[in-house]
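Input: a single structure, listed below in structure tokens.
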Amino acid sequence: MVSQQLIDNLKEKTKGKLLMSPEQLSEVIPLTSKQQSKLRKENRFPIPFKNIGRLVYYSVYDVANFLLNGETTPTKEVPEEAPAPQITIKKKPTKSTAPVQDLSHIFMLRAFAKSLEERATAMLSLAENLNNYANKKEMKDRFEQKFPTKGLKEPVEKQ
Numbered sequence: 001m002v003s004q005q006l007i008d009n010l011k012e013k014t015k016g017k018l019l020m021s022p023e024q025l026s027e028v029i030p031l032t033s034k035q036q037s038k039l040r041k042e043n044r045f046p047i048p049f050k051n052i053g054r055l056v057y058y059s060v061y062d063v064a065n066f067l068l069n070g071e072t073t074p075t076k077e078v079p080e081e082a083p084a085p086q087i088t089i090k091k092k093p094t095k096s097t098a099p100v101q102d103l104s105h106i107f108m109l110r111a112f113a114k115s116l117e118e119r120a121t122a123m124l125s126l127a128e129n130l131n132n133y134a135n136k137k138e139m140k141d142r143f144e145q146k147f148p149t150k151g152l153k154e155p156v157e158k159q
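Below you can see the structure in the form of structure tokens.
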């Protein structure tokens, strides 16, 4: 059961294909495609590979076998086990009938929390600016009370 889930997951990464490129494999195991190439040349790479022209591919079954069991022998059952038409037929019902947990609410909550945080930061900044303005206005009024301007009894209004 776990192996089938792993194989289905690997097929999703390869968009339904049975072969993975070194770049796709590097997303599954922590080896870059350059490191894979070096190990393949030294015959030390644990997962069997297939050369198709100049390109290198790994069977999703071999990758799953390696991830689950650590085995490095190539699987001979690849074409017999899952022909292409059966994969597409099985894949559609499992997607619709498999219980998938909807986690979109978590992303919505994160976005809402971030929005609230930004608004709170803006409100704090506004409160600080208003406080500074009030302090400056108060200081100006006190200064004018202590030191009235000489010669002018009434302040001149600017037009």
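Residue numbers for the sequence shown follow my numbering, beginning at 1 and rising by one. Backbone N, C-alpha and C define an ideal beta-carbon position, used for all residues, glycine too.
inquiry  = Quick check on the DSSP output: the beta strand (DSSP E) that includes ILE52 runs from which residue to which?
reply    = 50 to 52
ask   = Just how far apart, CA to CA, sit THR88 and SER3?
value = With a pLDDT of only 44 at THR88, under 50, the local geometry of the prediction cannot be trusted, and no value is derived from it.
message = Spatial neighbours of PRO83 within its chain, please: C-beta separation below 8 angstroms, excluding the five flanking residues on both sides.
response = Because PRO83 carries a pLDDT of 40, less than 50, the predicted location of this residue cannot be relied on, and the following value inherits that uncertainty. Here the set comprises nothing.
Candidates LYS41, LYS34, LEU55: closest to LEU19 by CA position = Out of LYS41, LYS34, LEU55, LEU55 has the C-alpha closest to the C-alpha of LEU19.
message = If I follow the unbroken alpha helix (DSSP H) through LEU55, where does it start and stop?
response = Taken as a continuous stretch (DSSP letters only), LEU55 belongs to no alpha helix (DSSP H), being part of the beta strand (DSSP E) at 55 to 59.
key: ILE106: first and last residue of the uninterrupted alpha helix (DSSP H) it sits in   = 104 to 146
message = Bridge partners for LEU19 per DSSP, in chain order?
response = SER59
Best match in LEU25, SER125, THR32 for proximity to PRO48 [C-alpha to C-alpha] = LEU25
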